[in-house]
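Since the structure comes first, as structure tokens, the remarks are kept for the end.
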Amino acid sequence: MSRWMKPSELPQSTPAIFNARMRDELKLDSLPVDFRRKHEDAIAAGHCNLLRAEELPARARANRA
50 MSRWMKPSEL PQSTPAIFNA RMRDELKLDS LPVDFRRKHE DAIAAGHCNL
100 LRAEELPARA RANRA
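So this is what it looks like as structure tokens:
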């Protein structure tokens, strides 16, 4: 049994592991839009473009933090 959760098993109500206060404190959403898009594109490519588009922002926030 794998210790890793499949994306479909992740809680949908949790934006990565950061609540709004923590995202504000870490300024995760204040980076330039172009940077965030390129970062999400890199994450998608690193996962062979198999992730759903709606998964990318949360993964990118967790990766940046």
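To convert, take the position in the sequence shown, counting from 1, and add 49; that gives my numbering.
C-beta atoms are modelled at their ideal positions from N, C-alpha and C, and glycine is treated no differently.
Using a Cβ-Cβ distance cut-off of 8 Å, the segment 102-113 and the segment 81-91 are in contact, since at least three pairs of beta carbons, one from each stretch, lie closer than that value. Distance from Phe67 to Arg113 at the Cβ level is roughly 10 Å; contact not present, criterion being Cβ atoms closer than 8 Å. His96 and Arg72 have their C-alpha atoms some 24 Å from each other.
If you draw a straight line from the Cα of Ala94 to the Cα of Ala102, it is about 12 Å long. For Asp73, the enclosing alpha helix (DSSP H) stretches over residues Ala69 to Leu75.
Sequence-distant Cβ neighbours of Arg70 in its own chain, meaning closer than 6 Å and more than five residues away, do not exist here. Straight-line measurement puts the Cα of Leu75 at about 14 Å from the Cα of Pro81.
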